[in-house]
Every structure is written in C-alpha cells, then in structure tokens.
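**Q** If you count the sequence shown from 1, you need to add 397 to reach this note's numbering. Cβ atoms here follow ideal geometry from the backbone N, Cα and C, with glycine treated the same way. Note that the structure is a prediction, hence the values are computed from the model and not measured.
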Amino acid sequence: MKDFKKNMIPILSLLLIFAFVMMFMMKQNKDVLQKSIDHTFTNAVSDSMSGLSMDYSKIDADEKIQYYYQTVSNLRDALDVFHVTSYKKYDKYFETLNRLYIYLLENKNERYEIKGQSHIFEFLGKSLAYPDDIQLISDFNDYLDEN
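1. For Thr493, which residues of its own chain have a beta-carbon under 7 Å away from its beta-carbon, when the five flanking residues on both sides are left out?
2. What three-state label does DSSP hand Glu510 in the structure shown?
3. With Ser470 as the anchor, note down where its alpha helix (DSSP H) starts and where it stops.
4. Give the range of the alpha helix (DSSP H) segment to which Asn538 is assigned.
5. Tell me the residue span of the alpha helix (DSSP H) that contains Lys489.
6. In or out: Leu528 buried (at least 16 other Cβ within 10 Å) or exposed?
7. Quick one: grab the DSSP three-state call for Thr553.
8. Anyone know if the C-beta pair for Val442 and Leu521 falls short of 8 Å?
9. Tell me which same chain residues have a C-beta within less than 7 Å of the C-beta of Thr437, skipping the five on either side of it?
10. Would you say the stretch 504–511 touches the stretch 453–472, given that touching needs at least three Cβ pairs under 8 Å?
In structure tokens:
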C-alpha cells in the first residue's frame, strides 16, 4: 500500500501541473477571443463612420445609397455583438447606439442623405474612445430628440 501511495504522488503532481497549464491556456484563449470580439465591434463602428465621412454633395445617387447602407448595416453589426464585448457594461452607450440606428432608418430621405451626418460621425468617433462619457451620450441623445 505504501508503494502505491509513493507511485501516486508523482502522477498526481503531474496531473496538477497539467491542470494549471490547461487553465492558463484557457485564460489566454478567452483573452484572445475577447480582444477579437472587441475588434469586431470597433471595426463595425469605424466602417459605419466611413459611410458618414463622404461628402454627399460630391457623389452620385448610387454611391449615396451604398454609403447609407454601409453606415446602417455596420451600425447594426456593432449592435449585434455589443453584449459580448468589453463595452457591454455601458448600457447607456448601447441604448444610444440603438437609438441612432433607429434614427438612421426612420430619417433617410429619398436621396439617402443622412441628416446630421457630421454630428453623428463626431459622436461615433468620440464614443469609441469614451463609451462611459455620460455627458457625451446625454448630449447626443438630446440631439436625437431634437431631430
């Protein structure tokens, strides 16, 4: 019986080391996945901003449609992944992005021009850097209320 216990100690030690290594690897994988989903979110918002960065007075009707849908669909993509990003703790930010999405859907004109394009662009850029800025979110919500 003593031999059995002596033989088990090295095996248990190896199993314990293996378990620690596996836990460390899982943590690393989780961190990589979190960074990846955060990157997906920021790319979607950035791509949405690209559609807003165009001077609509200098592009034709087809390009306006293309950029409008680029803006709206990328914003929708950002909303779809929001709750699995590290931004998920900023509920007011999500609510504001959702209100913006609805605003864009409801306020397109027949030429697919976006009213308040530069204001929206500025908000999206700042909000990526400061998702917890209550004043920024409040001011933008006021802007949406006015329009």
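**A** On the basis of the supplied data:
1. In the sequence shown, the residue the question calls residue 493 occupies position 96. Apart from the 5 residues on each side of it in sequence, Thr493 sits with its Cβ closer than 7 Å to the Cβ of Ile534, Phe537 and Asn538 in its chain, given in chain order.
2. Translated into the one-based positions of the sequence shown, residue 510 becomes position 113. Glu510 falls in the coil class under three-state DSSP.
3. Indexing the sequence shown from 1 puts residue 470 at position 73. Its alpha helix (DSSP H) spans residues Ala458 to Val478.
4. For this step, residue 538 is matched to residue 141 along the sequence shown. Element bounds for Asn538: Ile531 to Glu543.
5. In the sequence shown, residue 489 corresponds to position 92, counting from 1. That run of the alpha helix (DSSP H) goes Asp488 to Glu503.
6. Against the sequence shown, residue 528 aligns to sequence position 131. Per the sequence shown, residue 528 should be read as Pro rather than Leu. Buried, since its Cβ has 16 or more Cβ neighbours within 10 Å.
7. Nothing about residue 553 can be read from this structure; the chain reaches only from 398 to 544.
8. The residue given as residue 442 occupies position 45 in the sequence shown. The residue given as residue 521 occupies position 124 in the sequence shown. It is a contact, given that the beta carbons lie within the stated cut-off.
9. Taking the sequence shown and counting its residues from 1, the one referred to as residue 437 is at position 40. Here the set comprises Val478.
10. yes
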